[in-house]
Amino acid sequence: MKLFVPAVALAAAMICGPAFAQNNADEPKIDCAKAEAQTDLNICAALDFDTADKALNAQYKKTRAAMVAIDADLDKDMKGAEKALIKAQRAWVDYRDGECEAQGFQARGGSMEPMLVSGCKAELTKKRTKELKDLADGPEGNQ
Numbered sequence: 124m125k126l127f128v129p130a131v132a133l134a135a136a137m138i139c140g141p142a143f144a145q146n147n148a149d150e151p152k153i154d155c156a157k158a159e160a161q162t163d164l165n166i167c168a169a170l171d172f173d174t175a176d177k178a179l180n181a182q183y184k185k186t187r188a189a190m191v192a193i194d195a196d197l198d199k200d201m202k203g204a205e206k207a208l209i210k211a212q213r214a215w216v217d218y219r220d221g222e223c224e225a226q227g228f229q230a231r232g233g234s235m236e237p238m239l240v241s242g243c244k245a246e247l248t249k250k251r252t253k254e255l256k257d258l259a260d261g262p263e264g265n266q
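In my numbering, each residue carries its 1-based index in the sequence shown increased by 123.
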C-alpha cells in the first residue's frame, strides 16, 4: 500500500500535467510590471526564475566549452577544468536550492512563499550566470 499511493499520485500528475499546461496558454497574460495580486506576483516570480534558468543553462554550455578548451591546451596531468566546473555547478545548485528553501520559510505555508522561493532562485541564478560568463571570458575578459 505504501508504494501504491505514490504511484497513483505520479500517474495522476503525468496525466493531468499537460492539461494544466494547456489551460495556462489560454489564460490572459499578466503584466508583471503592474502585478499586485499575490497569485500574479507568484507567477511573475516563477517566470523570472524560468528566464534566468534558461540564460544560466545557455551560459553553462558556453563556459563548459571554454573549460574543455582550457583542458585541451594542458598536459594530461594538468587537465581538470571541465571536471572542476561540473563539481562547482552541482554544489552551487544544491546551495541555491537550499538557500532559497530557507528564504521561503519567512512565509512558510502562506501564499507568499512561492514568490520568495522563486525570487531568491532568480536572483541567485542571475548572479551565477554572470560568474559563469566571467569564468568563460577568462582574466582578460574581466577587466
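Positions of the beta carbon are idealized from the N, C-alpha and C atoms, including for glycine. All values reported here derive from a predicted model rather than from experimental measurement.
Beta-carbon separation (whole angstroms), residue i vs residue j, contact threshold 8 angstroms
i, j, result
"Ala-158", "Ser-241", "About 13 angstroms; that fails the 8 angstroms criterion."
"Tyr-183", "Leu-258", "About 10 angstroms; that fails the 8 angstroms criterion."
"Thr-252", "Leu-164", "Incorrect: roughly 23 angstroms between the Cβ atoms, too far for contact."
DSSP-derived helix/strand/coil call for residue i
i, result
"Ser-241", "helix"
"Cys-167", "helix"
"Met-235", "coil"
"Asp-154", "coil"
"Lys-184", "helix"
Residue i, buried or exposed, once every other Cβ within 10 Å from all chains shown has been counted against 16
i, result
"Cys-155", "exposed"
"Asp-200", "exposed"
"Gly-232", "exposed"
"Phe-172", "buried"
Within 9 angstroms, strictly: CB atoms of residue i and residue j
i, j, result
"Glu-222", "Cys-243", "yes"
"Ala-245", "Glu-236", "no"
"Arg-219", "Thr-248", "yes"
"Ile-193", "Ala-204", "yes"
Rounded separation between residue i and residue j - CA only
i, j, result
"Gln-161", "Ala-195", "50 angstroms"
"Asp-260", "Leu-197", "18 angstroms"
"Ala-189", "Ser-234", "42 angstroms"
"Cys-167", "Lys-177", "15 angstroms"
"Ile-138", "Asp-217", "Note that Ile-138 scores a pLDDT of 47, beneath 50, so its modelled location is shaky; the value from the coordinates is reported in the next line. Between Ile-138 and Asp-217, the C-alpha separation is close to 29 angstroms."
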